[in-house]
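Following: one structure in structure tokens, then a few remarks.
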Amino acid sequence: LVPGFLFAVGAASFDPARLAMPPLSPRTLPPKGHVLFQDDFSSDSLSGWEADRAGVWTVRNGALRADLPDRRQERSFLFAGSDGWTNYAVDLDVCAMRGVDKGVAVRVADKKTGVGIDLRGPGYQDVIVNVREWSLGKARVVNANGAWHHIRVEVRDQSLRVWVNGTLLIDRPDAKRSPHAGRIALAAYTGGVGECTVFYDNVVVTELP
Numbered sequence: 001l002v003p004g005f006l007f008a009v010g011a012a013s014f015d016p017a018r019l020a021m022p023p024l025s026p027r028t029l030p031p032k033g034h035v036l037f038q039d040d041f042s043s044d045s046l047s048g049w050e051a052d053r054a055g056v057w058t059v060r061n062g063a064l065r066a067d068l069p070d071r072r073q074e075r076s077f078l079f080a081g082s083d084g085w086t087n088y089a090v091d092l093d094v095c096a097m098r099g100v101d102k103g104v105a106v107r108v109a110d111k112k113t114g115v116g117i118d119l120r121g122p123g124y125q126d127v128i129v130n131v132r133e134w135s136l137g138k139a140r141v142v143n144a145n146g147a148w149h150h151i152r153v154e155v156r157d158q159s160l161r162v163w164v165n166g167t168l169l170i171d172r173p174d175a176k177r178s179p180h181a182g183r184i185a186l187a188a189y190t191g192g193v194g195e196c197t198v199f200y201d202n203v204v205v206t207e208l209p
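Each residue of the sequence shown is one higher than the one before, starting from 1 at the first, in the numbering used here.
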């Protein structure tokens, strides 16, 4: 959106958070283990990624940005990796500027089924894990908008572990409903609040023994 358009639709439609940039991305340490995939968005190219819809995902000032129309239940996913990935960890930094939902899906098969990790902000302050309608875990964690948060997810055989900002919050040794293999997908979702502008950075996928 350009400033002229924003002013044309009236002041009530203008939300400064939509155009705001997040703080500088956190610095990361070199990954440990065999790296399957890595992107710090230092290039404007999204080579290696596949979006399910156009016009949502762009690179801005060294970070990945997703912005959805202001309507409820809008969503988009950005996929990377191999359908053959089985045991792996994904690390990423995420900063929501507008909305509630943000996160990543792992072991995504055929762009349909995967394990979704949703870090929910204002009004919820928690992280939830689901495979379709089945819950695999929920934990409280404060995660304000306008700040970076680090997510780490490990999937090994039937076990699932989720960290937020260095704290292990979900540990499921028997996540039996989770798919056995698949790609990763970054998520943008407006949910019930009807808005989503979110940034991602420092995405690293490493193989687990």
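Here a beta-carbon is modelled for each residue, glycine too, at the ideal position from N, C-alpha and C.
For residue i, the nearest candidate out of the options (CA to CA)
i, options, result
"R60", "D201, Q125 and S82", "D201"
"V131", "L68, H180 and A63", "H180"
"G62", "P30, A144 and D39", "D39"
"K102", "P22, K138, T197 and P209", "T197"
"L68", "G191, T206 and E207", "G191"
"A80", "L208, P209, C95 and S47", "S47"
"H150", "L29, S43 and D93", "D93"
"V141", "G121, E133 and R71", "G121"
"M139", "R27, I117 and N145", "Residue identity differs from the one stated: residue 139 is Ala in this sequence, not Met. Ranking the options by Cα distance to A139, first place goes to I117."
"S42", "G33, P22, T28 and L64", "L64"
"W148", "P23, D15 and P209", "P23"
"Y124", "A144, E133, S25 and K111", "A144"
"D110", "E207, F77, K176 and A20", "F77"
"L119", "D15, K176 and A96", "A96"
"L19", "P209, E207 and G146", "G146"
"P209", "L186, D174 and D157", "D157"
"T206", "T28, M21, H34 and D174", "H34"
Whole-Å CB distance - residue i paired with residue j, under 8 angstroms assumed
i, j, result
"V108", "G99", "So it is not a contact: roughly 22 angstroms between Cβ atoms."
"V104", "I170", "At roughly 13 angstroms, the Cβ-Cβ gap does not stay under 8 angstroms, so V104 and I170 are not in contact."
Identified DSSP bridge partners for residue i
i, result
"G114", "BP columns for G114 are empty, so no partner."
"S76", "A188"
"K176", "Answer is none; K176 lacks a bridge partner."
"H150", "D93"
"D171", "R161"
"F199", "R65 and C95"
"T58", "R65"
"R18", "Looking at the DSSP assignment, R18 forms no beta bridge with any residue, so it has no partner."
"Y88", "V155 and E207"
Cutoff 6 angstroms; reference residue i; Cβ partners in own chain excluding five residues on either side
i, result
"F5", "Its pLDDT being 30, under 50, F5 is placed unreliably in this model, and the coordinates cannot settle the point."
"V204", "P31, Q38 and D91"
"A66", "V56, W57, A188 and V198"
"V153", "V90, V106, I117 and V162"
"P26", "D93 and W148"
"A17", "M97 and R98"
"W134", "R177"
"D44", "V59"
Contacts around residue i, its chain only, beta-carbon distance under 7 angstroms, and the 5 residues preceding and following it disregarded
i, result
"V193", "G99 and V100"
"Y189", "R75, D101 and C196"
"A172", "The identity of residue 172 in the sequence shown is Arg, whereas the question assumes Ala. The answer, listed in chain order, is L136, G137, S159 and L160."
"R71", "T190 and G194"
"D126", "R120, K138, A139, R140 and V141"
Within-8 angstroms CB hit, residue i to chain C
i, result
"D126", "The structure shown contains no chain C; it is built from a single protein chain."
Three or more C-beta pairs closer than 8 angstroms, one from the segment 175-193 and one from the segment 75-88: is that the case here? yes
For the 8 angstroms Cβ check, are there 3 or more pairs between the segment 160-172 and the segment 46-55? no
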